[in-house]
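Written out below as structure tokens is the structure these notes cover.
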Amino acid sequence: MLAIKNIDVCYGDVQVIWDLSFEIKQGEVLALIGANGAGKSTTLKTISGILRPKRGEILFEDQPIHTAEPFRLIEMGIAHVPEARRLFVEMTVEENLDMGSLKGEARKDRAKTKEMVCSLFPRLRERLYQPAGTLSGGEQQMVAIARGLMAKPKLLMLDEPSLGLAPILVREIFKVINQIRKEGVTVLIVEQNVKQTLATADRAYVLENGRVTLEGSGVDLTNDPHVQAAYLGV
Amino acid sequence: MESFLQTLIAGVLLGGLYALIGIGMTLIMGVMKIINLAHGDLMMVGMYIAFWMFTLFGIDPYLSVFIAAPILFFLGVLMQKFLINPVLKVDSILPENQVILTVGIGMVLANLATILFTSNYRSTPVSYSTSAWYLSDYWHSAPIELSLSVTGTVSFIFAVVITLALWFFLAKTDTGKSIRATAQDIDAALLMGVNVKRMRVVTFGLGSALVGAAGCLFIPSYYLYPSLGGQFTLIAFVITILGGLGSTIGAIFGGLILGIFESMTATYVGMGWAPVGRFLIFVAALVFLPGGIASLLKKKGVRR
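Dropping the structure here:
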């Protein structure tokens with residue numbers, strides 16, 4: 012579905028991604044794990060066009076997207092829930108959800124999808140008319156994921172959805188990710204919460220210093236001695 | 460008492476127009492993060508359009524709102540696309556320096572107007588320019604006498620209607636929401652599929668159209684000359700600071716406060732002192748309320 016082929020990404024003169032290649036298959040939950048600064052968020056930003064690869068290409072359903080205008084990607088079916096949520100804090104929750112469904116099919120089905128995400132996150136229904144900035148961190152994360160789902164994406168990219176959340180909320184977020192998978196949405200998740208992520212993901216790549224050092228199924232990586240030592244603290 | 464109320468009324472009527480000028484600037488400020496110092500000069504262009512429409516075709520200045528606003532919209536779009544955008548692209552130019560570009564644009568507009576139309580004072584002598592409605596005409600035993608000037612009142616009503624239409628556009632339409640989203644978080648807006656480049660262009664056009672409309676509303680009761688832009692840029696700037704950068708509601712309150720304050724200064728201190736009142740408010744806002752009225756509204760939990 013999404014193929015990343017030999018990309019190099021730089022911030023100015025500093026190269027952070029080196030010859031990175033990986034693939035996401037239709038319907039799977041794929042995780043990118045790694046330490047701070049490994050290049051996980053950079054990879055997502057490059058896919059969604061905020062950053063451009065210096066070399067290599069990115070294909071989505073066999074179409075090159077690394078040259079497309081970034082604002083077109085959501086219409087093509089890629090929704091990116093960015094790190095730190097990036098809600099429109101002065102707009103209401105409902106307006107935030109509306110912003111997720113500006114184009115095409117998603118715009119037509121706005122009311123229906125809104126109903127769907129509200130049943131996924133019942134707490135949002137009571138908060139619809141509140142400015143997003145007044146919500147708690149966990150609720151804001153729910154709005155961010157819900158806003159991504161409003162686009163009716165084929166591929167949903169989540170950047171650290173569990174960051175700064177209480178353990179009980181983390182579990183709730185992962186439960187929702189499982190539910191999203193059941194709806195047939197492909198999920199690419201970047202996480203530091205390695206244990207929970209590997210338990211949910213079908214496959215995962217370990218990124219270190221901008222390169223893939225390991226890949227495998229969630230179970231395989233959970234049992235890998237290097238992963239255990241470096242990320243699971245076993 | 461009578462003169463106080465009369466001054467207050469005059470202030471509110473003036474404030475409504477000021478708000479319209481301020482909203483245009485604050486809208487551009489919110490999305491572009493730059494102060495458009497050609498704002499007053501754009502208003503001057505709007506006023507010349509109204510003046511020539513009146514002089515050549517006898518079109519009422521209030522009807523010229525519907526001519527000047529679209530023209531100014533396109534002028535704003537062209538300025539943004541061909542002058543400001545190319546400068547935005549150059550990383551080595553600090554955003555602050557784009558402000559200097561707008562100063563230059565303002566100078567060019569003012570000097571072009573001088574070359575083309577001379578520096579003579581112009582006005583549109585409409586038949587109703589000095590008429591007014593008197594309270595005693597409607598209420599014969601009124602204890603006090605108050606009046607509403609026709610031009611002031613009609614202009615105020617126009618300003619209110621335009622502001623309401625703008626509010627509806629920003630609050631209820633997808634394009635309006637996209638403009639607000641671009642102002643709040645440009646990268647997140649991009650991820651939502653907002654064409655932020657186009658939003659910048661549309662916003663600049665919209666801000667210009669608003670101030671162009673304001674120009675048409677001012678001309679029935681004001682003189683027009685090519686260099687009048689500067690003083691209105693200053694007024695818009697004071698309102699933008701007073702209201703809180705980028706806040707539309709703040710600009711409405713800011714405009715009303717400035718209008719009332721100027722009107723009070725003119726009545727109780729002296730006609731020539733009104734600009735001094737303007738500066739006083741400006742300095743007071745910077746010292747005592749650096750976040751503007753928007754920061755007060757935020758504290759009270761009111762939505763912008």
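Those protein sequences? They're chains A and B, same order as listed. The first sequence begins at 12 in this note's numbering and counts up by one. The second sequence begins at 460 in this note's numbering and counts up by one. Where is the CB? At the ideal position from N, CA and C, for every residue including glycine. Just so it is clear, the structure is predicted and the values come from calculations on it, not from any experiment.
If residue i and residue j are in contact, beta carbons under 8 Å, what's the gap, nearest whole angstrom?
i, j, result
"I717 of chain B", "L693 of chain B", "Position check: residue 717 of chain B holds Leu in this sequence, whereas Ile was assumed. At roughly 11 Å, the Cβ-Cβ gap does not stay under 8 Å, so L717 of chain B and L693 of chain B are not in contact."
"L665 of chain B", "L486 of chain B", "6 Å"
"K18 of chain A", "T57 of chain A", "The question names Lys, yet the displayed sequence has Ile at residue 18 of chain A. Yes, I18 of chain A and T57 of chain A are in contact; Cβ-Cβ is about 6 Å, under 8 Å."
"M168 of chain A", "H91 of chain A", "5 Å"
"L790 of chain B", "I482 of chain B", "No information on residue 790 of chain B is available, as it lies outside the stretch 460 to 763 that chain B covers here."
"N495 of chain B", "T561 of chain B", "5 Å"
"W732 of chain B", "T724 of chain B", "5 Å"
"L43 of chain A", "L166 of chain A", "Wrong, their Cβ atoms sit about 13 Å apart, outside the cutoff."
"L649 of chain B", "F132 of chain A", "L649 of chain B to F132 of chain A, Cβ: 24 Å. No contact."
"R214 of chain A", "L84 of chain A", "At roughly 23 Å, the Cβ-Cβ gap does not stay under 8 Å, so R214 of chain A and L84 of chain A are not in contact."
"M110 of chain A", "A640 of chain B", "5 Å"
"T211 of chain A", "E39 of chain A", "About 11 Å separates the two Cβ atoms, so there is no contact after all."
Please report the distance separating the alpha-carbon of residue i from that of residue j.
i, j, result
"A753 of chain B", "N654 of chain B", "27 Å"
"K758 of chain B", "G175 of chain A", "26 Å"
"I28 of chain A", "T224 of chain A", "13 Å"
"I15 of chain A", "E34 of chain A", "6 Å"
"Q190 of chain A", "T53 of chain A", "26 Å"
"I200 of chain A", "G709 of chain B", "41 Å"
"T662 of chain B", "A241 of chain A", "50 Å"
"Y521 of chain B", "P529 of chain B", "14 Å"
"G475 of chain B", "S680 of chain B", "14 Å"
"V670 of chain B", "I698 of chain B", "13 Å"
"M491 of chain B", "R659 of chain B", "7 Å"
"G195 of chain A", "L13 of chain A", "15 Å"
"G50 of chain A", "G470 of chain B", "58 Å"
"D170 of chain A", "E202 of chain A", "7 Å"
"L687 of chain B", "E86 of chain A", "47 Å"
"I559 of chain B", "K36 of chain A", "51 Å"
"Q765 of chain B", "D24 of chain A", "Nothing about residue 765 of chain B can be read from this structure; chain B reaches only from 460 to 763."
"A743 of chain B", "Y682 of chain B", "30 Å"
"A157 of chain A", "E68 of chain A", "29 Å"
"G505 of chain B", "M651 of chain B", "35 Å"
"K186 of chain A", "L531 of chain B", "53 Å"
"S614 of chain B", "L607 of chain B", "12 Å"
"F720 of chain B", "L745 of chain B", "16 Å"
"R657 of chain B", "L704 of chain B", "22 Å"
"L155 of chain A", "L243 of chain A", "In the sequence as presented, Leu is not what sits at residue 155 of chain A; that position holds Ala. A155 of chain A and L243 of chain A: Cα-Cα distance of roughly 27 Å."
"I574 of chain B", "G60 of chain A", "47 Å"
"Q151 of chain A", "L568 of chain B", "47 Å"
"S446 of chain B", "L547 of chain B", "Residue coverage of chain B in this structure runs from 460 to 763, which leaves residue 446 of chain B outside it and unanswerable."
"A478 of chain B", "G565 of chain B", "21 Å"
"R763 of chain B", "M460 of chain B", "With a pLDDT of 42 at R763 of chain B, under the threshold of 50, the predicted position of this residue should be treated as unreliable, though the coordinate-derived value follows. For R763 of chain B and M460 of chain B, the distance between alpha carbons rounds to 35 Å."
"L756 of chain B", "Q239 of chain A", "51 Å"
"V761 of chain B", "A695 of chain B", "Note that V761 of chain B scores 49 on pLDDT, short of 50, meaning its location in the model is unreliable; the coordinates nonetheless yield the value given after this. Taking the straight line joining both Cα atoms gives about 24 Å."
"D500 of chain B", "N570 of chain B", "10 Å"
"A647 of chain B", "E137 of chain A", "24 Å"
"E101 of chain A", "G635 of chain B", "14 Å"
"Y22 of chain A", "I89 of chain A", "23 Å"
"M503 of chain B", "A527 of chain B", "11 Å"
"F533 of chain B", "S523 of chain B", "15 Å"
Assess contact between the stretch 88-97 of chain A and the stretch 627-641 of chain B, defined as three or more Cβ pairs (one per stretch) separated by less than 8 Å. Is contact present? Segments in contact, no.
Quick check: the stretch 198-211 of chain A against the stretch 120-140 of chain A, are at least 3 beta-carbon pairs closer than 8 Å? Short answer: they don't touch.
Residues from the stretch 641-657 of chain B in contact with chain A, defined by Cβ distance under 8 Å: Answer set for the stretch 641-657 of chain B: Q643, D644, D646, A647, A648, L649, L650, M651, G652, V653, N654 and V655.
Three Cβ pairs or more, each shorter than 8 Å: is that satisfied between the stretch 104-118 of chain A and the stretch 155-163 of chain A? Yes, the stretch 104-118 of chain A is in contact with the stretch 155-163 of chain A.
Selection of the stretch 536-552 of chain B by Cβ proximity to chain A, strictly under 8 Å: So the list is empty, because no residue satisfies the distance condition.
Validate contact between the stretch 228-235 of chain A and the stretch 66-74 of chain A using beta carbons, cut 8 Å, 3 pairs: Fewer than three pairs of CB atoms, one per stretch, sit closer than 8 Å, so the stretch 228-235 of chain A makes no contact with the stretch 66-74 of chain A.
Against chain B: residues of the stretch 65-89 of chain A by CB proximity under 9 Å: Look at the stretch 65-89 of chain A: the residues with a C-beta under 9 Å from a C-beta of chain B are E80, P81, F82, R83, L84, I85 and E86.
Note down, in chain order, all residues in the stretch 95-106 of chain A with a beta-carbon under 8 Å from any beta-carbon belonging to chain B. Residues passing the 8 Å Cβ filter: R97, L98, F99, V100, E101, M102, T103 and E106.
Any beta strand (DSSP E) of 3 or more consecutive residues that is wholly inside the stretch 581-635 of chain B: Complete beta strand (DSSP E) runs here, min 3: 591-593 and 606-608.
Hey, which unbroken runs of the beta strand (DSSP E) at 3 residues or more fall wholly within the stretch 495-570 of chain B? Taking only runs of at least 3 residues, no beta strand (DSSP E) segment lies wholly in the stretch 495-570 of chain B.
Taking a cut of 7 Å between CB atoms, which residues from the stretch 147-166 of chain A lie near chain B? Within the stretch 147-166 of chain A, no residue has a Cβ that lies closer than 7 Å to any Cβ of chain B.
Interface positions of the stretch 107-139 of chain A facing chain B (Cβ-Cβ less than 8 Å), listed along the chain: Cβ proximity to chain B below 8 Å picks out D109, M110, G111, L113, K114 and R118 from the stretch 107-139 of chain A.
Whole alpha helix (DSSP H) runs in the stretch 713-746 of chain B with 4 or more residues, listed along the chain? You should have found no qualifying run.
Residues, ordered as in the chain, of the stretch 228-243 of chain A that lie near chain B by beta-carbon distance below 7 Å: Correct list: empty, as no residue qualifies.
In chain order, what residues of the stretch 629-641 of chain B put their CB closer than 8 Å to some CB of chain A? Listed in sequence order: D633, K636, S637, R639 and A640.
Contacting positions in the stretch 38-67 of chain A - beta carbon closer than 7 Å to chain B: Within the stretch 38-67 of chain A, the qualifying residues are S59 and I61.
Going along the chain, which unbroken runs of the beta strand (DSSP E) with 3 or more residues stay wholly within the stretch 147-195 of chain A? You should have 166-170.
I want to know whether the stretch 673-689 of chain B touches the stretch 500-513 of chain B - three or more CB-CB distances under 8 Å. The stretch 673-689 of chain B vs the stretch 500-513 of chain B: in contact.
Three Cβ pairs or more, each shorter than 8 Å: is that satisfied between the stretch 732-751 of chain B and the stretch 513-520 of chain B? Short answer: they don't touch.
Residues within the stretch 167-181 of chain A neighbouring chain B, beta-carbon criterion of under 7 Å: Within the stretch 167-181 of chain A, no residue has a Cβ that lies closer than 7 Å to any Cβ of chain B.
Go through the stretch 28-91 of chain A residue by residue and report every complete run of the alpha helix (DSSP H) that reaches 4 residues or more, in order. Counting only runs that start and end inside the stretch 28-91 of chain A, the alpha helix (DSSP H) elements of at least 4 residues fall at 51-58 and 84-87.
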